[in-house]
Amino acid sequence: MNISIITVGKLKEKYLKQGIDEYLKRLSAYAKIEIIEVPDEKAPEELSETEMLQVKQKEGERILSKIHPDAHVIALAIEGKMKTSEELADGLDKLATYGKSKVTFVIGGSLGLSSEVLQRANEKLSFSKMTFPHQLMRLILVEQVYRAFRILRGEPYHK
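Residue 1 is where the sequence shown starts when you use UniProt numbering, and the numbers rise one by one after that.
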């Protein structure tokens with residue numbers, strides 16, 4: 001399986017990079033995985049609704065340009081469906097079974113995802129009703145993908 005994680009902005013925090021690198025190393029035994037960073041749109045702290053839409057749209061265009069046409073796209077969105085780790089594992093297993101070997105997860109910027117990206121998504125996934133920093137979501141996502149592969153192979157992993 002080829003998994004891409006498209007994310008907005010550069011990761012600056014060393015501790016997050018270290019955690020992500022550790023899970024990417026572990027995941028390499030199960031799948032080909034890559035993280036694709038697209039630049040975030042520079043914007044002032046206070047934005048009007050119109051300016052927010054423009055920022056999301058520009059970031060969305062960058063995201064869409066990186067999505068492979070054959071990819072099954074899973075957008076991380078607060079309004080998405082919440083799943084257990086086992087359900088995520090089962091979903092990835094079903095995709096592989098039915099020939100969807102390219103899976104792309106999308107993590108938006110601090111304002112979220114554009115409507116165009118959400119429309120392109122085959123499914124929307126929510127990790128919580130709470131809001132998390134988009135940079136922290138990278139670490140949470142790679143850990144859950146790693147956990148999913150461990151579950152699918154019946155390998156032990158702490159609960």
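Every residue gets a Cβ at the ideal spot worked out from N, C-alpha and C, and that includes glycine.
Assuming residue i and residue j form a contact by the criterion Cβ under 8 Å, report the distance between their Cβ atoms to the nearest whole angstrom.
i: E116; j: I74; result: Wrong, their Cβ atoms sit about 16 Å apart, outside the cutoff.
i: L64; j: L141; result: The Cβ separation is near 19 Å, so there is no contact.
i: A89; j: L11; result: About 25 Å separates the two Cβ atoms, so there is no contact after all.
i: residue 160; j: V106; result: Because the chain here runs from 1 to 159, residue 160 falls outside it and cannot be looked at.
i: I78; j: S48; result: Between S48 and I78 the Cβ distance is about 21 Å, and since that is not below 8 Å, they are no contact.
i: E37; j: T7; result: 6 Å
With a CB to CB cut of under 8 Å and the five nearest residues on each side skipped, what residues in its chain are close to residue i?
i: R150; result: P156, Y157
i: L136; result: L16
Just curious, the alpha helix (DSSP H) that residue i is in, first and last residue?
i: T50; result: 49-66
i: R153; result: Taken as a continuous stretch (DSSP letters only), R153 belongs to no alpha helix (DSSP H), as it is neither H nor E.
Is residue i helix, strand or coil when you go by DSSP?
i: E116; result: helix
i: S4; result: strand
i: E86; result: helix
i: E34; result: strand
i: G19; result: helix
i: F149; result: helix
i: L11; result: coil
Give every residue of the same chain whose Cβ lies closer than 6 Å to the Cβ of residue i, excluding the five residues on either side of it in the sequence, and list them in chain order.
i: K102; result: N2, H68, D70, A71
i: G112; result: none
i: I20; result: R138, L139, V142
i: K56; result: L111, S114
Just curious, the beta strand (DSSP E) that residue i is in, first and last residue?
i: L125; result: 123-126
i: M82; result: 72-82
i: F105; result: 102-107
Under the rule that 16 or more other beta-carbon atoms within 10 Å means buried, what is residue i, buried or exposed?
i: G108; result: buried
i: S4; result: buried
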